[in-house]
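The sequence shown begins at 1 in UniProt numbering and counts up by one.
The beta-carbon is built from N, C-alpha and C at its ideal position, and this holds for glycine as well.
Below is one structure; the comments refer to it alone.
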Amino acid sequence: MIRVVLVEPEGEYNIGFVARLCRNFSVDELYIVNPRANVSEAFKFSAGGKEFLEKAKIVNSFDEAINDVDIKIATSSIADNNGDILRKSIRPWELLSLIQGKKVALVFGRESVGLTREEIFRCDFLLYIPANPSYPVLNLSHAVGIVLYEIWKNRELLNNPQTSTISDQSIKLIDRYAEILYKMLKRSDDDYKMYIALKRTIIKGVKDEEEARVIVHFLRKLYTRIIHNDKEMNNVS
1 MIRVVLVEPE
11 GEYNIGFVAR
21 LCRNFSVDEL
31 YIVNPRANVS
41 EAFKFSAGGK
51 EFLEKAKIVN
61 SFDEAINDVD
71 IKIATSSIAD
81 NNGDILRKSI
91 RPWELLSLIQ
101 GKKVALVFGR
111 ESVGLTREEI
121 FRCDFLLYIP
131 ANPSYPVLNL
141 SHAVGIVLYE
151 IWKNRELLNN
161 PQTSTISDQS
171 IKLIDRYAEI
181 LYKMLKRSDD
191 DYKMYIALKR
201 TIIKGVKDEE
211 EARVIVHFLR
221 KLYTRIIHND
231 KEMNNVS
């Protein structure tokens, strides 16, 4: 279960955008702590997230937003700051393994100053989104979107692992033609490195049987062209 917590948000547009994102990525709950913005004005920015915003819980304290969850994840644009243990952070792609099967609160701070050290201390982990070091501060709704997308993406990959659909026959044909071409074009003992790199790159890069057939067709044509050129050169000589 995922709960997004906005601590004292200052912009109506960000509240609306976050509500929309919560619906985009199937968030379960939205808590808004002591909002500085007019929540009723946020509806105009929520688009398809209007009903989600209507169900958002507005609370007066930080404790009310986090006291009934298993794991609390604070977010910040400052991380690993000069050995500060409080700023030791995780990255968005590490989240799923920590929160899988748990009730989690993703806590986002004020647009102007973020979360206080006390609020970060009250959480279990600090999450940092890597960005340009000279300007790492993200808009609130953008940060929420990135974090939710990473969770969604990794959950989808976990539930629907991407497996190769290339047939064994196609792999064998690619290997065969690559080896034949290597032997035909070999000029030095180091050329085997080129052959290995080419074969591995092709097999790793090809995602389905249709692509594999195109590659096999190309290698076959290349092989035929080389044979034809060799015959012409032999006839001329």
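Contact under 9 Å by Cβ, residue i with residue j
i, j, result
"alanine 47", "isoleucine 15", "no"
"glutamate 12", "glutamate 41", "yes"
"lysine 103", "isoleucine 166", "no"
"serine 76", "leucine 6", "no"
"valine 4", "alanine 105", "yes"
"valine 216", "isoleucine 174", "yes"
"phenylalanine 45", "phenylalanine 17", "yes"
"glycine 109", "alanine 74", "yes"
"isoleucine 227", "isoleucine 151", "no"
"arginine 117", "leucine 138", "no"
Outcome for residue i when other beta-carbon atoms lying within 10 angstroms are tallied against a minimum of 16
i, result
"leucine 157", "exposed"
"phenylalanine 218", "exposed"
"alanine 178", "buried"
"tyrosine 192", "exposed"
"valine 69", "buried"
"lysine 72", "buried"
"serine 134", "exposed"
"valine 27", "buried"
"arginine 20", "buried"
"glycine 212", "This sequence places alanine at residue 212; glycine is not what is there. Buried, because 16 or more other Cβ atoms sit within 10 Å of the Cβ of alanine 212."
"glycine 49", "buried"
"phenylalanine 62", "buried"
Terminal residues of the alpha helix (DSSP H) in which residue i lies
i, result
"phenylalanine 121", "117-121"
"phenylalanine 17", "12-24"
"lysine 44", "From DSSP, lysine 44 is part of no alpha helix (DSSP H); its letter is neither H nor E."
"tyrosine 135", "Note, tyrosine 135: premise wrong, no alpha helix (DSSP H); not H, not E."
"aspartate 168", "168-185"
"serine 97", "95-99"
Beta bridge counterpart(s) of residue i as assigned by DSSP
i, result
"isoleucine 32", "Leu6, Ile58"
"arginine 110", "Gly114"
"valine 104", "Ile2, Ile71"
"serine 76", "Tyr128"
"isoleucine 85", "Isoleucine 85 pairs with nothing; no bridge assigned."
"isoleucine 90", "Leu127"
Residue i Cβ short of 8 Å to the ligand NAD heavy atom set
i, result
"asparagine 229", "The ligand NAD is absent from the structure shown, which contains no ligand whatsoever."
I want to know whether the segment 138-154 touches the segment 90-101 - three or more CB-CB distances under 8 Å. The answer is yes - the segment 90-101 touches the segment 138-154, with three or more Cβ pairs under 8 Å.
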